[in-house]
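Engineer: Structure below; questions to follow.
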Amino acid sequence: MKKLIVASVFALGVVTAVNAQEKKQPTAMNEAPVKEMTLQAPADDVQDFKDVKASDVPQEVKASVEKTYKGATISSAAKNDKGVYKLVLTAGSDATDLESTNQTVYLNSKGEFIKM
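Residue numbers (mature numbering (1 follows the signal peptide of the UniProt record, and there is no 0)): -20 to -1, 1 to 96.
This is the structure in structure tokens:
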């Protein structure tokens, strides 16, 4: 009988302790947030691209593409009124940095990549 009373008091204590905290406390972040190195383009920058020749793409843009995607070639290029370039890159035989055979990237006229 004594064990039954002790067990019921223990169970009541556990239930009370579990329900004692009503609000959920936020957990601390273990990792520092990672800063993105790409720019976010406004939605109106994405639209109205007009085709341009790959030779008309500024040297800063070409240099940035060559540095980031070694062995890739620009298969098509387009530009909008805001100066954002849409480039379709094709992987060469030695290109290892592209995610697929053809990859579309966006850059501003300074050669900075833009996340779309």
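Glycine included, C-beta positions come from ideal geometry on N, C-alpha and C.
1) Just the C-alpha distance for V68 and A43, rounded to the nearest angstrom, thanks.
2) Go to K30, then tell me how far its beta strand (DSSP E) extends in each direction, as first and last residue.
3) Can you check which of these residues, V64, S(-13), D36, is closest to D28 by C-alpha distance?
4) Under a three-way DSSP split, which group does T81 fall into?
5) Considering only their Cβ atoms, is the gap separating Y86 from K62 smaller than 8 Å?
Structural biologist: This is what the structure holds:
1) Within the sequence shown, numbered from 1, the residue matching residue 68 stands at position 88. Within the sequence shown, numbered from 1, the residue matching residue 43 stands at position 63. Rounded to whole angstroms, V68 to A43 spans 15 Å at the Cα level.
2) Position 50 of the sequence shown, counting from 1, holds the residue named residue 30. 30 to 32 is the extent of the beta strand (DSSP E) around K30.
3) Stepping through the sequence shown from its first residue, residue 28 is reached at position 48. Closest by alpha carbon: V64.
4) Counted from its first residue, the sequence shown places residue 81 at position 101. The answer is coil: DSSP assigns T81 none of H, G, I, E or B.
5) Here residue 62 refers to the residue found at position 82 when the sequence shown is read from its first residue. Here residue 86 refers to the residue found at position 106 when the sequence shown is read from its first residue. No.
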